[in-house]
Amino acid sequence: MAGRDFLSNLDMTAAELRAVMDTAHSMKRGEWREVKPLAGLTLALIFEKASLRTRTTFDVGMYQLGGHAITLTNQEVGLGTRERVSDVARNLERWVDGVMARVYLQGNLQELAENASVPIINGLSDMLHPAQLLADYQTIEEEFGHNLNGLRVVYIGDGNNLANSHIHMGILTGTDVTIVTPVGYEPNAAVAMDAVKRGANLTITNDLSAVEGADVLYTDVWISMGMEAEADIRRRAFKGYQVTPSMLDTIAKKGIFLHCLPAHYGEETVPEATEHRKSRVFDEAENRLHAQKALMYHLMGELQPRW
Numbered sequence: 002m003a004g005r006d007f008l009s010n011l012d013m014t015a016a017e018l019r020a021v022m023d024t025a026h027s028m029k030r031g032e033w034r035e036v037k038p039l040a041g042l043t044l045a046l047i048f049e050k051a052s053l054r055t056r057t058t059f060d061v062g063m064y065q066l067g068g069h070a071i072t073l074t075n076q077e078v079g080l081g082t083r084e085r086v087s088d089v090a091r092n093l094e095r096w097v098d099g100v101m102a103r104v105y106l107q108g109n110l111q112e113l114a115e116n117a118s119v120p121i122i123n124g125l126s127d128m129l130h131p132a133q134l135l136a137d138y139q140t141i142e143e144e145f146g147h148n149l150n151g152l153r154v155v156y157i158g159d160g161n162n163l164a165n166s167h168i169h170m171g172i173l174t175g176t177d178v179t180i181v182t183p184v185g186y187e188p189n190a191a192v193a194m195d196a197v198k199r200g201a202n203l204t205i206t207n208d209l210s211a212v213e214g215a216d217v218l219y220t221d222v223w224i225s226m227g228m229e230a231e232a233d234i235r236r237r238a239f240k241g242y243q244v245t246p247s248m249l250d251t252i253a254k255k256g257i258f259l260h261c262l263p264a265h266y267g268e269e270t271v272p273e274a275t276e277h278r279k280s281r282v283f284d285e286a287e288n289r290l291h292a293q294k295a296l297m298y299h300l301m302g303e304l305q306p307r308w
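In structure tokens form, the structure reads like this:
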């Protein structure tokens, strides 16, 4: 994977995903404390959207691996507004060894990747959130082991970037992925069709009873950044799709609840759910650090400092 881009979970093979996951588990056990594989390397962090977990974990991760991170806000970069995306890429590639971008448009990530010779990492886009899914599946493996074939993962809520990336992970891991959404809020049709063609076990439904018996129940906000104008319409559409302790009582006895955070309490979930005995929400947040460190190592670990 050295030197490659990571715009989607499908930029990895199943074997490469396994290698990244093994590294993430090893890093969490503290087996890399004396190793600084990214010494002398710099990662640029571009943020069009606000961030707590992505900003902190990529920055801390680079530090722990011996490298350095520099944060660039939208005011400083202005992808496609202050400067052409291609110009931003062609500047950054001469200074840094990789770029993580948290953006509105997947197309901007693709344009960065097409014009930069250094790895481009998707920290979130309108289409996908692949780095989050690495942390999610590290958390799932901590509960259920490495063989996840047939494990029932149910995502409830908006068929957004998280839903799309869950479908991709189902392709790679063999999990049975069910997406439960209100009518009109299903995940990207092209993503779903591609998954079916690849033989993934995918179900898309509007039936709330599909939550019952889930090994993993996952949700995300109903109103993502940039969708504030749709807030009232979405709250009405998603009524009944809130994850509560009573809903968690219907999932598998050893099932777990995940949420990528931040949570909009009173909408997609309630505090009693994230604090529930089945919740692994804060373990999941911790694993952003370990999974992303593993990703950066596999993408950048063979690079040599240029100074």
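For the sequence shown, my numbering begins at 2 and goes up steadily by one.
We put the CB at the ideal spot given by N, CA and C, even for glycine.
query, result
"Opposing strand residues paired with N162 [DSSP bridges]", "According to DSSP, N162 bridges with nothing at all."
"For G124, the first and last residue of its enclosing beta strand (DSSP E)", "121-125"
"Contact check, L113 vs T72, beta carbons under 8 Å", "no"
"Coil, strand or helix - M1 by DSSP", "Any answer about residue 1 is impossible in this case: the structure gives the chain only from 2 up to 308."
"Whole-angstrom distance between K240 and V181, CA atom to CA atom", "13 Å"
"Strand pairing of R69, partner residues [DSSP]", "This sequence places His at residue 69; Arg is not what is there. Per DSSP, T43."
"Residues that S280 bridges to, as DSSP identifies them", "F258"
"Selection from V197, L163, N189, A117 that minimises the alpha carbon distance to I172", "V197"
"Nearest to P246 (by Cα), restricted to the options T270, A201, V86", "T270"
"F239 - DSSP class collapsed to helix/strand/coil", "coil"
"Inter-residue spacing [alpha-carbon to alpha-carbon] between P131 and L125", "7 Å"
"Three-way DSSP call (helix, strand, coil) for L80 in this model", "strand"
"Extent of the continuous beta strand (DSSP E) run through V217", "217-220"
"Y266 burial status per 10 Å Cβ neighbour count (16 or more: buried)", "exposed"
"The segment 286-295 contacting the segment 133-145, beta-carbon criterion three pairs below 8 Å", "yes"
"Selected residue, minimal CA-CA separation from Y64, among V86, H277, G41", "G41"
"According to DSSP, residues forming a beta bridge with Y156", "I180, Y219"
"Cβ contact check for the segment 94-105 and the segment 271-285: 3 or more pairs under 8 Å", "no"
"Endpoints, alpha helix (DSSP H) assigned at I141", "131-145"
"Environment of V184 [buried if 16+ CB atoms lie within 10 Å]", "exposed"
"G67 versus H26: straight-line alpha-carbon distance, rounded", "19 Å"
"Bridge-paired residues (DSSP) for Y266", "T270"
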